[in-house]
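Read in order, the letters of the sequence shown are residues 0 to 225 in numbering that gives the first Met the number 0.
The beta carbon of each residue, even a glycine, is placed where N, CA and C say it ideally should be.
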Amino acid sequence: MHITSNDLFLVGLLAFLEGILSVDNALVLAILAKHLPKEEQKKALSYGLIGAFVFRFIALAMVSFLVKWTWVKFVGGGYLLYIAVKHLFFAAKDEDAHAKKGATFWQTVIAIELTDIAFALDSILAGIALTPKIWIVFTGGILGVVMMRFAASAFIKLIEKFPGLEKAAYLLVMIIGVKVIVEACDFPGVDFHSPSAVSFWVFWGLMAAGIAYGFLAKGDSKKESA
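Structural data, given as structure tokens:
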């Protein structure tokens with residue numbers, strides 16, 4: 000296999016794009032793992048990382064069928080909407096503690112794997128559109144997944160330091176869920192990955208506004224006094 004300087008550039012470009020575009024994925028992973036004890040948080044995210052590696056390898060081997068798997072994105076987006084709406088509008092404060100106690104380590108790992116699958120579809124298809132060389136797509140994607148894993152850990156620490164970020168994070172998860180479903184619908188002119196598209200700026204504008212709200216808002220008074 001002959002590797003050119005352009006191939007190396009594409010690997011770096013894909014890794015960079017993966018890191019930027021996986022911010023939403025990392026945020027969701029942080030929310031899913033936050034309720035676990037510190038040691039189990041790291042384990043859950045590491046298992047999620049392994050699952051993301053495996054799925055990307057399988058997906059690249061089945062890339063010709065991947066474009067037909069839009070139902071996975073509908074399921075993934077619907078799940079994100081479910082956890083966000085449930086937390087923001089239906090979960091009472093006393094139920095929150097019960098939910099945290101009842102959510103097991105392996106339930107969390109499974110939830111992380113499901114979200115990894117939904118987000119990985121976009122990642123792989125975007126890479127294939129950039130270059131026909133499978134090894135470049137795989138290498139760039141794997142580097143991006145590693146960055147996503149560490150970004151998720153950073154989000155968990157931020158949420159602990161700024162309690163207001165937890166509510167904002169669920170608002171962002173809701174926005175991300177809508178984004179995933181809209182992408183699955185494949186509306187003409189809607190492209191969340193291209194800066195030339197209005198939808199790109201609308202999405203990231205909402206994300207930035209949500210993050211700013213999280214830093215400015217106060218967290219739950221009971222949590223802060225605990």
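- Taking C-beta atoms as the reference points, E165 and G213 count as a pair closer than 9 Å.
- Annotation: G176 to T114 spans about 10 Å, alpha carbon to alpha carbon.
- Only buried fits Y169, as 16 or more other CB atoms lie within 10 angstroms of its CB.
- For D185, the secondary structure class from DSSP, reduced to helix, strand or coil, is coil.
- Following the DSSP letters along the chain, one finds F73 inside the alpha helix (DSSP H) bounded by residues T69 to V84.
- Taking 9 Å as the cut-off, the beta carbon of L13 is found no closer than this to the beta carbon of L171.
- The three-state secondary structure of S195, taken from DSSP, is coil.
- DSSP places I49 within a helical segment (H, G or I) once states are collapsed to three.
- In this model, G139 and L215 are separated by some 35 Å (Cα to Cα).
- A196 and L157 have their C-alpha atoms some 30 Å from each other.
- Contact check for A51 and I155: beta-carbon distance about 17 Å, past the 8 Å limit, so the pair fails to qualify.
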